[in-house]
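>
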Amino acid sequence: MARKLAKALMRRFEQFQGSPLLRPFAQHLAHPALWSLHRRNVALAVAAGLFSGLIPGPLQMLGAAVLAVVFRFNFPIALATTLYTNPLTIVPLYLLAYQLGALLTGAPSLTQIDAPPGMDWLHPLRSTLALGQWAWGLGTPLFVGVPALAALLAALGYAVVRVAWSAFLRREWARRKAARAARAAR
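Numbering-wise (numbering that gives the first Met the number 0), the sequence shown opens with residue 0 and increments by one.
Spelled out as structure tokens, the structure:
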């Protein structure tokens, strides 16, 4: 099923290749490794997506796309994997990144830090600026923690994909072996 999806995506990409927006990038996006579903390609794509997902702002998919094109691994999976960060998950992830950064730098933990300022819906710009100043005050632990958490998530994602893929293959081989033995016994 995954291979069919990859082939369908490749056909769709070939249709859009002539688009004026994609024309400058078409030669880079046409490389077969960007669309292949091999264990190493998928594991690297998941790792890059998990790493890029913690890039601040709307640059997460761009980061994953650049990594996929430069290092030649599955492009759509790298982009899709960045979607684990969203408005519901980004705050807990950044709090975890701060805790990790505090652990690595010896800075105070979150329990020793003032609570973030509340949102004043009558003055959203002022509230947003206050929240930005509060976050800026987190400083070094957050600056160290975000890349550390990104690297940790990338390594875990890579390992999980490799182990899960191998387990799936072993199960498939055992199933085929049992089916061959059952056919031979008839």
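Virtual Cβ for every residue (Gly too), placed ideally from N, Cα, C.
When burial is assigned at 16 or more other CB atoms within 10 Å of the CB, is residue 90 buried or exposed?
By one-based count along the sequence shown, residue 90 stands at place 91. The residue is exposed, with fewer than 16 neighbouring Cβ atoms inside 10 Å.
> Output needed for residue 97: all residues of its chain with C-beta closer than 7 Å, excluding positions within five of it in sequence on either side, in chain order.
Counted from its first residue, the sequence shown places residue 97 at position 98. So the qualifying residues of the chain are 109, 137, 140, 141, 144.
> I need the straight-line Cα distance from residue 157 to residue 55, nearest angstrom please.
Numbered from its first residue, the sequence shown carries residue 157 at position 158. Numbered from its first residue, the sequence shown carries residue 55 at position 56. Roughly 22 Å between the two C-alpha positions.
> List the endpoints of the continuous alpha helix (DSSP H) containing residue 120.
Translated into positions along the sequence shown, residue 120 becomes position 121. Looking at the DSSP string, residue 120 is not in any alpha helix (DSSP H), and its letter there is neither H nor E.
> Quick one, which of 92, 35, 100 has its alpha-carbon nearest residue 49's?
Position 50 of the sequence shown holds residue 49. Ranking the options by Cα distance to residue 49, first place goes to 92.
> DSSP on residue 52, reduced to helix/strand/coil?
Translated into positions along the sequence shown, residue 52 becomes position 53. Coil at residue 52, not helix or strand.
> So, helix, strand or coil for residue 37, using DSSP?
Working through the sequence shown from its first residue, we reach residue 37 at position 38. Correct three-state label for residue 37: coil.
> Under 8 Å: do the segment 23-35 and the segment 74-82 share three or more Cβ pairs, one atom per stretch?
With the cut-off at 8 Å, the segment 23-35 and the segment 74-82 touch.
> Measuring only the C-alpha atoms, how far is residue 127 from residue 87?
For the purposes of this step, residue 127 is taken as the residue at position 128 of the sequence shown. For the purposes of this step, residue 87 is taken as the residue at position 88 of the sequence shown. Their Cα atoms are separated by approximately 17 Å.
> Of the residues 67, 78, 122, 148, which one's Cα is nearest the Cα of residue 101?
Start at 1 with the first residue of the sequence shown, and residue 101 comes out as number 102. Ranking 67, 78, 122, 148 by Cα distance to residue 101 puts 148 first.
> At which residues does the alpha helix (DSSP H) containing residue 97 begin and terminate?
Reading the sequence shown from its first residue, position 98 is the one you call residue 97. Looking at the DSSP string, the run of the alpha helix (DSSP H) that includes residue 97 is 89-104.
> Can you name, in chain order, every residue of its own chain whose Cβ lies under 6 Å from the Cβ of residue 43, other than the five neighbours on each side?
Position 44 of the sequence shown holds residue 43. Closer than 6 Å at the Cβ level, and outside the excluded window around residue 43, lie 72.
> Which whole-angstrom value describes the C-beta separation of residue 116 and residue 130, a residue pair presumed to lie in contact below a C-beta threshold of 8 Å?
Reading the sequence shown from its first residue, position 117 is the one you call residue 116. Reading the sequence shown from its first residue, position 131 is the one you call residue 130. 6 Å between Cβ atoms; contact.
> Is DSSP giving residue 80 helix, strand or coil here?
The count along the sequence shown starts at 1 and reaches residue 80 at position 81. Looking at residue 80 - three-state DSSP - the assignment turns out to be helix.
> Note down, in chain order, each residue of its chain lying with its Cβ closer than 7 Å to the Cβ of residue 81, except the 5 sequence neighbours on either side.
The residue labelled residue 81 in the question sits at position 82 within the sequence shown. Counting only Cβ-Cβ distances below 7 Å, and skipping sequence neighbours, we find 48, 51, 52, 59, 60, 63.
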